[in-house]
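Asks:
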Amino acid sequence: MRRLAPGFLVLLASTLGILYADALSDVLKADLARERRRLAADSSQLAELSRRLEAAASELSSASRAVADMAARADSSPDELGRREDVVAGAEQEVRTLLDRRRLLVDRILERRRNVALLDAELRGKPRPAGAPDLLTGRWGVTLEPGEQRGVFRMAL
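In terms of my numbering, the sequence shown opens at residue 44 and continues consecutively.
Spelled out as structure tokens, the structure:
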């Protein structure tokens, strides 16, 4: 029985090492795919947000022109001028809001790109599971119960 235990331990260790490397590789691949999907979604959101920002800037420009034209006319009423100025303020606020959202989205896209690059580098840096360094090779401190017998077990796979 004692003769079989080290052999069984070696077999178990090599199997666990390969399975662990496979699982780690699968996790990294899943994380990479998830980050790439999120990056694609954020990129499409950025395109939509840029389109909305362009429309809001155009609306702000036309509202501002309308206020300038109304102010230049002598027959314009102060109430109408105030209403148009409120439209300009609303359009201006919309542009600011969209610019802030755009800034946050660009920061998120940059962070996702960094994450994709890191995950890709980590995945490429990992050797194939068959050539993966095993987790059990090395010196192990061993304690046998009962009796508190201690020793060192050196394992090389």
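Beta carbons are placed, not taken as given, at the ideal position from N, Cα and C, and that holds for glycine.
I'd like the span of the alpha helix (DSSP H) that includes Arg144, first residue to last.
Replies: For the purposes of this step, residue 144 is taken as the residue at position 101 of the sequence shown. Looking at the DSSP string, the run of the alpha helix (DSSP H) that includes Arg144 is 121-168.
Asks: Less than 8 Å between the beta carbons of Met198 and Thr180, yes or no?
Replies: Residue mapping note: residue 198 aligns to position 155 of the sequence shown, counting from 1. Residue mapping note: residue 180 aligns to position 137 of the sequence shown, counting from 1. For the pair Met198 and Thr180, the CB atoms are nearer than the 8 Å cut-off.
Asks: When you compare only the Cα positions, how much space is there between Leu162 and Arg146?
Replies: In the sequence shown, the residue the question calls residue 162 occupies position 119. In the sequence shown, the residue the question calls residue 146 occupies position 103. C-alpha separation (whole angstroms): 24 Å.
Asks: Since Ala114 contacts Leu141 with CB under 8 Å, what's their CB separation in whole angstroms?
Replies: As a working mapping, residue 114 is identified with position 71 in the sequence shown. As a working mapping, residue 141 is identified with position 98 in the sequence shown. Ala114 to Leu141, Cβ: 27 Å. No contact.
Asks: Which of the three DSSP states, helix, strand or coil, is assigned to Arg171?
Replies: One-based indexing of the sequence shown puts residue 171 at position 128. Unreliable positioning characterises Arg171 in this predicted model, as indicated by a pLDDT of 46, which lies under 50. The coordinate reading is nonetheless provided below. Looking at Arg171 - three-state DSSP - the assignment turns out to be coil, as it is neither helix nor strand.
Asks: Which two residues bound the contiguous beta strand (DSSP E) that contains Leu187?
Replies: Locating residue 187 in the sequence shown gives position 144, where the first residue counts as 1. 181-187 is the extent of the beta strand (DSSP E) around Leu187.
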